[in-house]
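Chains as they are written, first to last, in our numbering: chain A, 11 to 297; chain B, 465 to 848; chain C, 556 to 962.
Backbone N, C-alpha and C fix where the C-beta goes; we use that ideal spot for every residue, glycine too.
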Amino acid sequence: MSRRAAALTPYWLIMPGGLWLAIFFVVPMVMMLSLSLQQGDVVNGFQLTWHWQTYVDGVTTYHSQIVRSLQYGLASTLLQIVIGYPVAYWIAMHGGDRKTAYLFLLLLPFFVSFVLRTLSWQFFLSDDGILLGTLKSLGLVEQDYHVLATGGAVIGGLTYNFLPFMILPIYVALERVDPRLLEAAHDLYAGRVQTFLRVVLPLSLPGVFAGVLMTFVPAASDYVNATVLGGTNNTMIGNVIQNQYLVTQDYPMASALSFTLMGALLVGIFLYARALGTEDVLEVAAR
Amino acid sequence: MPMTETADAPAPAAAATLSAIELIGVVKTYQSRGEAVHAVKGIDLTIAQGEFFSLLGPSGCGKTTTMRVIAGFEEPTAGEVCLQGKNVTGVPANKRDVNMVFQSYALFPHMSVFENVAFGLRRKGVEKAEVTRRTAEMLEIVDLAGREKRRPKQLSGGQQQRVALARALVNRPRALLLDEPLGALDLKLRQAMQVELKRIQREVGITFVYVTHDQGEALAMSDRIAVMNDGVIEQLGSPREIYEHPASKFVAGFIGTSNLLTGTVAESGADTAVIRYGADERITVPVRGVFAEGAELELTVRPEKIDLRLEAPGNGACQITGTVTEVVYLGTSTNYNVRTSAGADVVVFTQNASSADDIAVRGDSVWLSWEPEHSYAIGTEAAP
Amino acid sequence: MSNLDPAFVRGLTRPRRDFLKLFGAAGGGLALAACGVEGKKQAPAKQSDVQKYWAGKTGKGHVDFANWPLYMDPKKPELKLFTQRTGITVTYKEVIQEAASFFAKIQPQLAAGQSIGYDIIVITNGIQFGQLVDLGYVAPLDHGKLPNFAKYADAAYKKESFDPGNVYSLPWATGITGIAYNPKYVKEEITSFASLFDPKYKGKVGMFSDTQEIGNFGMLALGIDPEKSTAADWQRAAEKLKQQRDQGVVRKYYDQGYVDPLAKGDIWITQAWSGDVFQKNLEGAGLKFVIPQEGGTIWTDNMMIPKTAENPVDAITLMDFFYDPKIAAGLAEYINYVTPVSAAKQVILQDAAKASGEDKKTLTDLAASSLVFPTPADYAQLRHYRAFKNPQEQKQYESIFQPIVTA
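Written out as structure tokens, the structure reads:
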């Protein structure tokens with residue numbers, strides 16, 4: 011091998027991965043970025059004019075939708091932890107030989123398409139439907155009470171749809187906790203609660219951390235739940251982007267909003283990882 | 465019993481009259497895949513205050529289950545567990561004043577060495593300054609001062625072992641239970657830790673219950689050993705008793721190397737019997753009880769007790785002939801494998817006290833002889 | 556590691572020009588993207604264009620048809636008859652829920668000159684209709700292949716302002732946007748736009764998400780004629796609609812999906828398209844449709860052939876087939892939208908004469924219905940869509956009304 015060829019070898023080696031990244035990540039990103047800085051319309055075409063103003067306009071016009079998306083994403087993520095953690099805990103600690111069966115049952119509804127699942131909630135929760143119709147005829151809720159077309163319905167839908175992505179990483183983390191650590195804690199005078207708080211919980215936090223990453227991002231950028239379960243004031247930024255791309259065909263605005271959302275999520279995740287992703291946090295939690 | 469006084473130890477008067485641990489008729493039966501597994505089949509055991517006590521046996525003999533019953537991780541199916549004379553059957557582990565050193569340690573990976581050791585004290589609600597003081601003191605004892613901030617992952621196997629020990633001992637428990645604590649260490653470190661453990665035990669004066677399948681470890685460290693097999697205690701005694709006077713064929717086989725010879729009773733006296741071995745050889749062996757002439761009897765004799773010569777040794781009570789099949793030179797000793805006249809294989813160890821050549825070579829016809837009191841008829845000799 | 560070539564390690568570790576080349580490649584991507592999205596306004600089609608397009612094209616025996624829901628009897632009797640007569644098979648899909656989103660879906664393929672998988676699409680005379688024509692995405696029609704149209708189509712449909720002379724499109728059906736309500740919940744007679752803004756129906760009112768539909772109603776509620784409206788009128792209408800939304804009156808902004816919630820009771824009163832309610836009532840929904848006293852809006856859905864269609868000859872054959880009065884009558888009987896073939900009325904009356912009992916009454920009513928065969932007086936009451944002069948005007952319009960539906 012000549013010296014020059016040898017010097018090039020590393021580049022040959024990174025080429026498959028590099029190409030993959032370039033084709034599926036770099037090029038689309040660059041095209042999106044370029045698109046966000048263009049001006050024009052579908053009929054006359056779009057021209058790159060470095061029009062950064064689109065970002066300013068996007069944030070001014072749609073800041074409430076961006077904030078709402080982050081709020082809904084956060085609320086649904088917290089709800090998922092509250093619901094998902096006990097479920098994961100129960101399966102991991104008390105599932106016995108049936109763990110796989112329970113996990114399968116948990117995932118079973120998710121073999122149905124995302125949109126269909128959400129639509130079935132719309133059917134189930136409709137104002138005069140199976141649930142509310144019955145409650146209303148029993149006089150348990152007000153006649154004009156409704157669940158659909160509220161923020162609660164959207165958050166509920168997000169929570170339901172992303173729940174497995176929260177449960178599975180927590181389950182994996184809990185499953186990996188050595189049962190002898192629980193015995194050791196028990197042996198060292200820790201009761202059930204203390205054992206959980208000092209040993210199980212800190213050791214499962216990486217699972218919660220992963221779960222939050224896996225659910226917050228898609229939840230905050232979702233548009234299906236707001237479309238199907240939401241009403242007039244529950245529009246999320248995902249809906250706006252979808253609308254800008256697929257209805258209004260204002261591609262630059264859609265791209266600019268996508269980048270803004272991506273930036274907001276990246277900053278949020280970065281701060282979150284800085285705050286919670288280190289071992290010191292586990293130590294503090296364990297003390 | 466060796467016993468050093470520590471601040472927390474119970475009053476000597478009470479300690480002298482009470483045993484540290486008492487098991488009465490303990491039985492443990494599991495249900496596993498619809499089948500009952502009898503892990504412990506009825507154990508009575510008394511462990512004295514300050515004793516270094518070993519439970520020795522092969523895997524599956526019930527020794528770990530017995531220890532877990534003492535720790536409170538398992539409820540006995542039947543029987544009672546007493547600590548310091550108090551019945552604690554049904555009391556959960558976190559309310560029992562015993563601590564455990566786990567096999568491969570079970571250190572909390574998310575905590576520093578200091579936090580690991582302080583864990584029990586904090587849970588007991590010991591005052592903060594006291595926690596710091598006692599933890600530091602204990603880390604000093606196990607020679608880990610200066611490593612408080614490390615994570616368990618950053619320590620060597622031996623250091624982790626000592627953290628585990630410190631974590632249990634810092635609570636000054638009534639008894640310390642150790643589940644094969646040295647199993648994960650290499651030979652050199654294991655031997656060093658054996659000495660270390662003995663030292664620490666002497667220093668803190670706490671009762672140690674030590675579970676192991678390594679007979680050498682048990683013999684080296686214990687005040688007393690319970691040899692377990694198939695859920696019962698086969699023999700209970702000091703290391704010397706167990707080695708020198710194995711009560712059963714199992715114990716003889718499990719502890720050290722034993723030669724097993726089978727013959728038929730020729731004469732049966734008050735304390736001894738004469739056994740007909742092979743074609744026309746006679747072996748005298750101490751027995752208790754009278755045996756019918758012609759009854760089959762097994763006797764064992766340790767390899768280091770046998771004298772091997774090329775010519776007949778005087779007029780001994782126990783001497784047989786055989787042919788050397790193998791000679792293995794081991795430095796401090798030489799091992800000979802001998803096929804006896806009756807066709808059994810016997811191992812003989814001889815100390816290499818002088819630098820002379822081997823006594824015999826392969827193929828030589830040799831005489832084997834021993835003192836009658838160094839042999840035991842299996843199942844007839846009660847522990848003296 | 557020791558046998559690694561040192562040059563290899565240097566290559567791995569030294570940051571240098573090669574790396575810049577990589578960035579250069581990425582920059583190339585930027586340059587690529589910088590060309591912008593394709594889109595050029597085309598000159599209107601001339602007779603020579605028609606000949607050029609249709610020259611050498613022959614039938615292949617199949618048509619792919621994209622239409623809106625509730626626009627044909629689910630048993631498809633007309634299509635079966637067509638296949639029987641011509642041997643041409645038809646795949647009919649109800650894939651159009653909203654004009655804008657359907658256009659956005661097909662636009663990239665049309666821009667790239669690719670087939671969208673449909674030979675006939677049905678487009679309302681709104682923004683997207685103009686865009687399809689302006690961008691040259693649709694085939695100019697060869698009227699030599701449209702004998703039924705020439706013979707039976709009403710004169711009014713041959714000179715529609717959005718496509719005079721039917722260069723690109725033939726009307727499929729005309730409809731009226733009005734108000735539908737569910738009498739199970741609404742205990743009064745609805746006659747006015749005011750009801751859509753009535754806080755009494757808070758959270759039970761449905762509006763369309765289509766910017767033209769919602770803008771029209773906002774203007775009509777203020778007494779403005781959409782067709783003659785100005786940007787200032789749009790602002791006023793948007794204020795009115797924003798107020799309606801912020802008071803919580805509007806439950807949700809719908810596309811074609813408003814019919815089920817209306818039947819289920821999620822909404823009680825809603826903007827609606829005239830024929831939908833009739834078809835839903837065939838399932839026993841018991842809904843009502845009214846044209847408010849202030850007037851509704853009239854629109855026409857038009858059949859078009861994308862230039863990239865694979866079977867344009869079969870498509871134009873099918874389009875002409877629907878202008879056979881018998882076929883038009885059958886269609887109108889089911890969908891209850893205005894048919895461009897008034898001769899169909901005679902056919903329906905003949906059918907009524909032959910029928911008896913319930914059917915007879917239904918058919919007689921249909922022939923008399925102003926929603927299927929409007930009288931000149933009915934037409935006079937209806938308002939038309941605003942036709943935008945240029946994309947800038949349209950963009951301005953959308954930027955005013957889009958934020959209302961995506962709050």
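Helix, strand or coil: which one does DSSP assign to A581(C)? Interpretation of A581(C) is limited by its pLDDT of 44, a score under 50 that renders its predicted location unreliable; no figure is taken from the coordinates.
Which residues in chain B sit within 7 Å of G201(A), going by Cβ to Cβ distance? Ordered by position in chain B, the residues that pass the 7 Å Cβ test against G201(A) are N558.
Helix, strand or coil at A824(C) [DSSP, three-state]: First, the amino acid is wrong: residue 824(C) is Ile here, not Ala. DSSP places I824(C) within a strand segment (E or B) once states are collapsed to three.
Under 9 Å (Cβ pairs) to chain A, residues found in the stretch 506-531 of chain B: Result list empty, no residue passes.
By DSSP, does K492(B) sit in helix, in strand, or in coil? Here K492(B) sits in strand by DSSP.
If L192(A) sits next to V210(A), beta carbons under 8 Å apart, how far is it from one beta carbon to the other, in whole angstroms? The beta-carbon distance between L192(A) and V210(A), rounded to whole angstroms, is 7 Å. This is short enough to meet the 8 Å contact definition.
Once you ignore the five residues that flank L115(A) on each side, which residues in its own chain have a CB closer than 6 Å to its CB? Correct list: empty, nothing qualifies.
When you compare the CB of K950(C) with every CB in chain A, is at least one pair closer than 8 Å? So yes, K950(C) belongs to the interface.
From the DSSP output, in three-state form, read off F56(A) for me. Under the three-state reduction of DSSP output, F56(A) falls in the strand class.
Assuming contact is defined by CB atoms lying nearer than 8 Å, are Q767(C) and I676(C) in contact in what I supplied? No, Cβ-Cβ distance for Q767(C) and I676(C) is not below 8 Å.
Option nearest F876(C) by Cα separation, candidates P624(C), P816(C), G642(C) and I959(C): The shortest Cα separation from F876(C) among P624(C), P816(C), G642(C) and I959(C) belongs to G642(C).
Assess, as a yes-or-no matter, whether the stretch 97-116 of chain A is touched by the stretch 239-254 of chain A under the definition of 3 or more beta carbon pairs within less than 8 Å. By the C-beta criterion, the stretch 239-254 of chain A is judged not to be in contact with the stretch 97-116 of chain A, since fewer than 3 inter-stretch pairs fall below 8 Å.
Rounded C-alpha distance that separates E794(C) from K706(C): Rounded to whole angstroms, E794(C) to K706(C) spans 47 Å at the Cα level.
What does DSSP give as the partner residues of N563(B) in its beta bridges? Residue pairing for N563(B): DSSP places it in a beta bridge opposite L640(B).
For chain A, find out if any of its Cβ atoms is closer than 8 Å to the Cβ of T961(C); answer yes or no. Judged by the 8 Å Cβ criterion, T961(C) is in contact with chain A.
What would DSSP say about V234(A), mapped onto helix, strand or coil? DSSP, reduced to helix, strand and coil, places V234(A) within a helical segment of the structure shown.
Rounded separation between Q63(A) and S44(A) - CA only: Looking at the two C-alpha atoms, the distance is approximately 14 Å.
Using 8 Å as the limit for Cβ to Cβ distance, is Q957(C) near chain A? Judged by the 8 Å Cβ criterion, Q957(C) is in contact with chain A.
Partner residues on chain A for K660(C), Cβ-Cβ distance less than 9 Å: Correct list: L256.
According to DSSP, what are the bridge partners of C525(B)? C525(B) is not bridged by DSSP to any residue.
Got a sec: is the Cβ-Cβ distance from Q639(C) to anything in chain A below 8 Å? Residue-level contact by beta carbon fails for Q639(C) and chain A, as no gap is shorter than 8 Å.
Using a Cβ-Cβ cutoff of 7 Å, what residues of the stretch 176-204 of chain A are near chain B? List them in chain order. Within the stretch 176-204 of chain A, the residues whose Cβ lies closer than 7 Å to any Cβ of chain B are, in chain order, D188, R190, L191, E193, A194, H196, D197, L198, Y199, A200, G201 and Q204.
Burial state of A743(B) (16 or more Cβ within 10 Å): Classification of A743(B): exposed, given that the 10 Å Cβ count is below 16.
Determine which residues of the stretch 124-157 of chain A have a Cβ less than 9 Å from any Cβ of chain D, and write them out in chain order. Of the protein chains in this structure, namely A, B and C, none is chain D.
So A570(B) contacts chain A; which residues on that side make the cut at Cβ distance below 8 Å? The contacting residues are D188, R190, L191, E193 and A194.
Can you check whether the C-beta of G584(B) is within less than 8 Å of a C-beta belonging to chain A? Closer than 8 Å to some Cβ of chain A, the Cβ of G584(B) qualifies, so yes.
According to the neighbour-count rule (16 or more other Cβ atoms, all chains shown, within 10 Å of its Cβ), is Q957(C) buried or exposed? Sixteen is the threshold: when 16 or more other Cβ atoms of the shown chains lie within 10 Å of the Cβ of Q957(C), as they do, the residue is buried.
Between G839(C) and N243(A), what straight-line distance do the alpha-carbon atoms span, to the nearest angstrom? Between the alpha carbons of G839(C) and N243(A) lies a gap of roughly 33 Å.
Would the beta-carbon of A711(B) fall within 8 Å of that of E762(B)? Cβ distance not < 8 Å, so A711(B) and E762(B) don't count as in contact.
Note the first and the last residue of the continuous beta strand (DSSP E) segment covering F517(B). Per DSSP, F517(B) belongs to the beta strand (DSSP E) from F516 to L520.
Which of the three DSSP states, helix, strand or coil, is assigned to A589(C)? Per-residue confidence for A589(C) stands at a pLDDT of 44, beneath the threshold of 50, marking its modelled position as unreliable; no derived number is given.
Which residues in chain A sit within 7 Å of M564(B), going by Cβ to Cβ distance? Correct list: D197.
Three-state class that DSSP yields for R127(A) in the structure shown: Helix at R127(A).
So, for T825(C): in the same chain, excluding its five sequence neighbours on each side, which residues have a beta-carbon less than 6 Å away from its beta-carbon? Contacts found: A735, G761, Y813 and L817.
Count the other C-beta atoms from every protein chain shown that fall within 10 angstroms of the C-beta of N721(C), then say buried if there are 16 or more, exposed otherwise. By the 16-neighbour rule on beta-carbons within 10 angstroms, N721(C) is buried.
Could you work out which residue in L47(A), D51(A), T258(A) and N54(A) is closest to Y65(A) when comparing CA atoms only? Nearest to Y65(A) by alpha-carbon distance, out of L47(A), D51(A), T258(A) and N54(A), is L47(A).
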